[in-house]
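Student:
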Amino acid sequence: MKKMIQPTILILAAASLVSCATSGVQSKASQASTTPQQALQSLKEGNARFAAGRSRHHDLRAQAEKTSTGQFPIAAVLGCMDSRASNELIFDQGIGDIFSARVAGNVLNNDLLGSLEFATVKAGAKAIVVVGHTRCGAVAGACSRAKLDHLTRLLDKIQPAVSKVSKSSVGMKSGPAFEDEVSAENVRQVVSQIRAQSPLIRKLEKNGKLIIVGGLYHLDTRKVEYLN
Ligand SMILES: [Zn+2]
């Protein structure tokens, strides 16, 4: 006599197959019910998965289809354009999960600030994460006062961080460790600039509707260290 397979076992087996590829996306309801702390926690958990080599298998086609008529990202990430520091990858996020702004040295300008205002004030993102990284070429360029046409003015934006770390670090005025300190300081300054320059974002944060944090992505450990 054939043994009957319990329906519950079939359901569990189907569920485990689905969990192999995540096709879920953020909805208006899920975004609305996400707190700023939960949005940040989601990124922290995503980075932990990435660092451990356990990133989710995103069904990108399914996610693209589901988000084609609307997006409800829970966070906005301002990161460097470095090819090794993709915001979506290092935080293991899928299509429609985060706004991703990238520029060499993760510096701030009015266009980026406007983009962050759109992401938070208009589109409902609950967290702004500014993330620099170790061994950043833009930061190294600023430290060595590199000059290259349009790049020169971009690197000028990192000079205040170079100056501050130069004054505070005894003996250490160059090298990878010095540059990583500058990367971290640059992130802190960009976070301060966002607060100082955008009354709209400041108001959201003051009302508890937004969290703004800075982090440093370590290329060697794949982990984001959060900065005070
Ligand atoms: Zn960089």
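-17 is the number of the first residue of the sequence shown in this note's numbering; add one for each residue after it. For each residue, glycine too, the CB sits at the ideal point set by N, CA and C. Nothing here was measured: the structure is a model prediction, and the numbers come from that model.
Is any heavy atom of ligand 2 found at a distance shorter than 8 Å from the C-beta of residue 64?
Tutor: Absent from the structure shown: ligand 2. Ligands present: ligand 1.
Student: For residue 182, which three-state DSSP category applies?
Tutor: As a position in the sequence shown, residue 182 is number 200, starting the count at 1. In this structure, residue 182 counts as helix in the three-state DSSP scheme.
Student: If you draw a straight line from the alpha carbon of residue 81 to that of residue 139, how long is it in whole angstroms?
Tutor: Working through the sequence shown from its first residue, we reach residue 81 at position 99. Working through the sequence shown from its first residue, we reach residue 139 at position 157. For residue 81 and residue 139, the distance between alpha carbons rounds to 23 Å.
Student: Go ahead and label residue 151 buried or exposed: buried means 16 or more other beta carbons lie within 10 angstroms of its beta carbon, across all protein chains shown.
Tutor: Your numbering for residue 151 matches position 169 in the sequence shown. With fewer than 16 Cβ atoms within 10 Å of its Cβ, residue 151 is classed as exposed.
Student: For residue 40, which beta-bridge partners are listed by DSSP?
Tutor: If you number the sequence shown from 1, residue 40 lands on position 58. In DSSP, residue 40 forms a bridge with 4.
Student: DSSP state of residue 31, grouped into three classes?
Tutor: Start at 1 with the first residue of the sequence shown, and residue 31 comes out as number 49. Looking at residue 31 - three-state DSSP - the assignment turns out to be helix.
Student: Taking the straight line between their C-alpha atoms, what separation do you get for residue 55 and residue 35?
Tutor: As a first step, residue 55 is located in the sequence shown; it is residue number 73 there, counting from the start. As a first step, residue 35 is located in the sequence shown; it is residue number 53 there, counting from the start. About 24 Å.
Student: Quick one: grab the DSSP three-state call for residue 85.
Tutor: Within the sequence shown, numbered from 1, the residue matching residue 85 stands at position 103. Coil, per DSSP.
Student: Straight-line CA distance for residue 32 to residue 189?
Tutor: Stepping through the sequence shown from its first residue, residue 32 is reached at position 50. Stepping through the sequence shown from its first residue, residue 189 is reached at position 207. The alpha-carbon atoms of residue 32 and residue 189 are separated by roughly 32 Å.
Student: Verify whether the separation of the beta carbon atoms of residue 79 and residue 70 is less than 9 Å.
Tutor: Within the sequence shown, numbered from 1, the residue matching residue 79 stands at position 97. Within the sequence shown, numbered from 1, the residue matching residue 70 stands at position 88. In contact: residue 79 and residue 70 (Cβ atoms closer than 9 Å).
Student: Rounded to whole angstroms, how far is the Cβ of residue 212 from the Cβ of residue 109, which I believe are closer than 8 Å?
Tutor: Lying before the first or after the last residue shown, residue 212 is absent from the chain, which here runs from -17 to 210.
Student: Flag residue 115 as yes when its Cβ comes closer than 8 Å to any non-hydrogen atom of ligand 1, and as no otherwise.
Tutor: Residue mapping note: residue 115 aligns to position 133 of the sequence shown, counting from 1. Yes; taking the cut-off as 8 Å, the Cβ of residue 115 has a heavy atom of ligand 1 nearer than that.
Student: Quick one: is the Cβ of residue 87 within less than 8 Å of any heavy atom of ligand 1?
Tutor: Residue mapping note: residue 87 aligns to position 105 of the sequence shown, counting from 1. Indeed, a heavy atom of ligand 1 lies less than 8 Å from the Cβ.
Student: Classify residue 13 as buried or exposed, calling it buried when 16 or more other Cβ atoms lie within 10 Å of its own Cβ.
Tutor: As a position in the sequence shown, residue 13 is number 31, starting the count at 1. Buried, by the Cβ-count rule.
Student: Could you give the DSSP three-state label for residue 164: helix, strand or coil?
Tutor: As a working mapping, residue 164 is identified with position 182 in the sequence shown. The answer is helix: DSSP assigns residue 164 an H, G or I state.
Student: Alpha carbon to alpha carbon, how far is residue 7 from residue 91? Give it in angstroms, no decimals.
Tutor: Counted from its first residue, the sequence shown places residue 91 at position 109. Counted from its first residue, the sequence shown places residue 7 at position 25. Straight-line Cα distance between these residues: approximately 30 Å.
Student: Of the choices 73, 130, 10 and 5, whose alpha-carbon is the least far from that of residue 24?
Tutor: As a working mapping, residue 24 is identified with position 42 in the sequence shown. That would be 73, whose Cα lies nearest to the Cα of residue 24.
Student: Ligand 1 and residue 143: does the residue's C-beta get closer than 8 Å to at least one heavy atom of that ligand?
Tutor: Sequence index remark: in the sequence shown, residue 143 carries index 161 (1-based). No - ligand 1 has no heavy atom lying nearer than 8 Å to the Cβ of residue 143.
Student: Return the residue from the list 105, 94, 162 and 76 that minimises the CA-CA distance to residue 179.
Tutor: The residue given as residue 179 occupies position 197 in the sequence shown. Among 105, 94, 162 and 76, the Cα nearest to that of residue 179 is on 94.
Student: Between the alpha carbons of residue 199 and residue 205, how many angstroms are there, rounded?
Tutor: Residue 199 sits at position 217 when you count from the first residue of the sequence shown. Residue 205 sits at position 223 when you count from the first residue of the sequence shown. Taking the straight line from one Cα to the other gives about 6 Å.
Student: Within its chain, find whatever has a CB closer than 7 Å to the CB of residue 128; leave out the 5 residues flanking it on each side and keep chain order.
Tutor: Your numbering for residue 128 matches position 146 in the sequence shown. Closer than 7 Å at Cβ, skipping near neighbours: 137.
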